[in-house]
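Here is the structure we will look at, set down as structure tokens.
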Amino acid sequence: MKLKRRQQGITLIGLIFVGAILACVILVGAQVLPTLIEYQAITKGAKKAAAEGGTVQQIRAAFDRSATIDQITSISAKDLEITKDANGEPVVSFAYDREIHLVGPAYLVMKYEGTTAKFGPSRIGG
């Protein structure tokens with residue numbers, strides 16, 4: 041006598057559902073990835089400009105050169121906040137938003153901010 045074994049696995053409807061969710065995640069990820077790459081380029085350009093030092097105008101010009109090379113469009117040199125730390129070193133800070141249109145009235149808003157400040161151990165954790 042043969043025993044009937046219960047079938048296991050995913051149904052066609054389940055496969056379609058999982059595929060649709062996976063496709064949505066991939067589509068959103070494909071739109072978010074370029075903004076993350078641009079954020080890294082902005083951070084690199086700000087650090088390079090701060091390392092070159094000089095006047096505020098020289099730091100902005102150095103960032104503009106980096107922005108041109110890296111094709112940065114979300115922020116410009118005039119959007120940078122340039123200050124000096126306690127040691128007199130220039131600190132470049134920035135903040136900006138990116139909107140990604142998803143579908144209909146739905147948008148994904150990403151808020152980016154960064155700074156070149158070197159935080160000491162006394163500031164970490166409170």
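Under this note's numbering, the letters of the sequence shown match residues 41 to 166, in that order.
Where is the CB? At the ideal position from N, CA and C, for every residue including glycine.
Remember, predicted model here, so these are calculated numbers, not experimental data.
Annotation: Lys42 is outside any alpha helix (DSSP H) and is labelled neither H nor E by DSSP.
Going by beta carbons, Ile99 and Ala107 fall outside the 7 angstroms limit.
Leaving aside the five residues that flank Ala102 on each side, the residues in its chain whose CB is nearer than 7 angstroms to its CB run, in chain order, Lys88, Ala89 and Glu92.
Restricting attention to Glu78, Tyr152 and Pro145, the CA atom closest to the CA of Gln111 is found in Glu78. Inside the stretch 97-131, DSSP marks whole beta strand (DSSP E) runs of 3 or more residues at positions 121-124, from first to last along the chain. In terms of CA proximity to Tyr136, Glu121 leads the group Ala63, Glu121 and Asp125. Apart from the 5 residues on each side of it in sequence, Val72 sits with its Cβ closer than 8 angstroms to the Cβ of Ile140, Leu148 and Met150 in its chain, given in chain order. Secondary structure of Thr155 (DSSP, three-state): strand. In the DSSP secondary-structure assignment, Ala146 is bridged to Val143.
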